[in-house]
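Shown next, in structure tokens, is the structure this report addresses.
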Amino acid sequence: MSEPTTPAAFTNPTNPIKIVITDCDHDSIDIERAVARDAGAELVLAQCRTEDEVIAAAAGADAIVVQYAPITAKVLDALPGLKAIGRYGVGVDTLDVEAATARGVAICNVPDYGTEDVSDHAIALAVSLARGITQLDRGVRRGDHSLGPVQPLHRIGGRVFGVVGLGLIGAATGRKAKGLGYHVIGSDPLLTAGTVTADGITVAGFEELVASADVISLHVPLNQYTHHLINSDVLDRVKPGAVLVNTCRGAVVDTDAVAAALKDGRLHAAGLDVFEVEPLPRTSPLLELENAVLTPHAAWYSEESYAELKRRTVENVVELCAGRVPRNILNSEVLLGSVAR
Ligand SMILES: O=C(O)CC[C@@H](O)C(=O)O
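The opening residue of the sequence shown carries number 9 in the working numbering; numbering runs sequentially from there.
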């Protein structure tokens, strides 16, 4: 019987472990520094935007911690000593997970640091749209105290709240929506239509949800199956008066199609925290639309989630580089010795 291949993540631990933060737009990295110091690891901060900048900054690193910098096959090939990648967040759509796995590089995200915060934000957007809060506020500021800009408003109780994607955040959003009196339905390719989840959410097919929901709230990862999931065809089939809430990834919706549906009334309103291009370009048609409520990819943020995200992202890669299995490894197959480097 042949010896199992030694997983890259457990090969030649260096002393001290070198961790490079490829990019980070947070105010400080004091939390990361404290974790690294306690682990005896060296921590370097860079601000890379391109593959070549990552390659230069991360030379000799055992692990990288990444916010938005592109981590592609080219980058991975140029960093043969890399053992682990930590992503600041849940989403890993900026990383080539397949290429990392094929090279034995472990990837860790932090799947549950912001469940409460993102679901709170989704509910806040939905309720803001249901009550016309932002439009009324804009009216008062220009001296308009009429209800004109928001009519018709409907009572929340009994309206249908559709959750697309019943992972941690979608399920939490559904629970909170139920607490407000919505009738909550949800779609998820892993669940069977007609069943009811432990949270009391009735599972529906995506098409059924689109046709019957008064609120469509998106909670899916961005991948080849969910890119432009909400497109012009889907928007032709939404219930009259429906509103759209997006707190997952911008490219899950076709922005031009959503802007057109907001203009021609197929959508009553939309609450969007994420955009196909971030920051949202100043030329975006969304900026001209009264019935669009826009926040700047802020759903994940609270003082609590921020601290937890930063601490756990670095802890994950420290664990891996020290030869231990962290809680949040995405591609655990790299630790099984089944992937040759
Ligand atoms: O990318 C960010 O800064 C926020 C992170 C958030 O979107 C996530 O993926 O958890």
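Quick reminder that beta carbons are idealized off the backbone N, C-alpha and C, glycines included.
(request) Between the Cα of Ala69 and those of Gly175, Cys116, Cys329 and Gly99, spot the shortest distance and give me the residue it belongs to. (result) Of the listed residues, the one whose Cα sits closest to Ala69 is Cys329.
(request) Tell me whether Cys32 sits in a helix, a strand or coil according to DSSP, three-state version. (result) In the structure shown, Cys32 sits in coil (DSSP, three-state: anything other than H, G, I, E or B).
(message) Classify Leu252: buried if its beta carbon has 16 or more other beta carbons within 10 angstroms, exposed otherwise.
(response) Classification of Leu252: buried, given that the 10 Å Cβ count is 16 or more.
(message) Can you tell me whether Lys82 is helix, strand or coil according to DSSP?
(response) Helix at Lys82.
(request) Indicate the three-state DSSP secondary structure (helix, strand or coil) for Leu275 in the structure shown. (result) For Leu275, the secondary structure class from DSSP, reduced to helix, strand or coil, is coil.
(message) Can you tell me whether Tyr314 sits near ligand 1, meaning its C-beta is under 7 angstroms from at least one heavy atom of the ligand?
(response) In this structure, Tyr314 has its CB at a distance of at least 7 angstroms from all heavy atoms of ligand 1.
(request) Measuring from each Cβ to the nearest heavy atom of ligand 1, keep the ones under 5 angstroms and list them in chain order. (result) With the criterion CB distance below 5 angstroms from any heavy atom of ligand 1, the matching residues run Gly97, Val98, Gly99 and Trp308 along the chain.
(message) Val228 and Gly173 - do their beta-carbons sit closer together than 8 angstroms?
(response) Yes, Cβ-Cβ distance for Gly173 and Val228 is below 8 angstroms.
(request) Output the boundary residues of the alpha helix (DSSP H) element that contains Ile195. (result) It should be pointed out that residue 195 corresponds to Ser in this sequence rather than to Ile. It is not in any alpha helix (DSSP H) - Ser195 instead sits in the beta strand (DSSP E) that spans His191 to Ser195.
(message) Mapping the DSSP letters down to three states, classify Ala330 as helix, strand or coil.
(response) Taken through DSSP and simplified to helix, strand or coil, Ala330 comes out as coil.
(request) Just grab the DSSP bridge partners of Ser225 for me. (result) According to DSSP, Ser225 shares a beta bridge with Val171 and Val253.
(request) Report the three-state DSSP secondary structure of Leu217 (helix, strand or coil). (result) Here Leu217 carries a helix assignment [DSSP, helix/strand/coil].
(message) Rounded to the nearest angstrom, what separates Arg139 and Gly279 at their Cα positions?
(response) So the two alpha carbons sit approximately 12 angstroms from each other.
(message) Assuming the contact rule is C-beta atoms closer than 8 angstroms, Ser292 and Gly122 should be a hit. Round their C-beta distance to whole Å, please.
(response) Between Ser292 and Gly122 a beta carbon distance of about 25 angstroms is seen, past the 8 angstroms cut, so the two are scored as non-contacting.
(message) Short of 6 angstroms in beta carbon distance, which residues of its chain neighbour Ala134, apart from the five on each side in sequence? Order them along the chain.
(response) Within its own chain, the residues whose Cβ lies closer than 6 angstroms to the Cβ of Ala134, once the five positions on either side in sequence are excluded, are Val223 and Val253, listed in chain order.
(message) Considering only the alpha carbon of each residue, which of Pro160, Asp104, Asp38 and Ala49 lies closest to Gln232?
(response) Of Pro160, Asp104, Asp38 and Ala49, the residue nearest in Cα terms is Asp104.
(request) May I have the straight-line CA-CA distance separating Gly182 from Asn299, to the nearest angstrom? (result) If you take the alpha carbons of Gly182 and Asn299, they lie about 23 angstroms apart.
(request) Could you spell out the range, first to last residue, of the beta strand (DSSP E) harbouring Arg95? (result) Looking at the DSSP string, the run of the beta strand (DSSP E) that includes Arg95 is Ala92 to Arg95.
(request) Rank Gly151, Val211, Glu59 and Gly202 by C-alpha distance to the C-alpha of Thr30 and give the top, closest one. (result) Nearest of Gly151, Val211, Glu59 and Gly202 to Thr30, Cα basis: Glu59.
(message) So, at 7 angstroms on beta carbons, what are the nonlocal neighbours of Ser346 in its own chain, with the 5 sequence-adjacent residues on each side left out?
(response) Model confidence at Ser346 stands at a pLDDT of 45, short of 50, so the residue's coordinates are unreliable; what they give is reported in the following sentence. So no residue of the chain qualifies.
(request) Could you tell me whether the region 205-222 touches the region 175-189, where touching means 3 or more Cβ pairs closer than 8 angstroms? (result) Three or more pairs of CB atoms, one per stretch, sit closer than 8 angstroms, so the region 205-222 contacts the region 175-189.
(request) Would you kindly work out how many angstroms separate the C-alpha atoms of Gly187 and Leu137, rounded to a whole number? (result) Straight-line Cα distance between these residues: approximately 17 angstroms.
(request) Using DSSP bridges, identify the partner residues of Leu155. (result) DSSP output for Leu155 lists no bridge partner at all.
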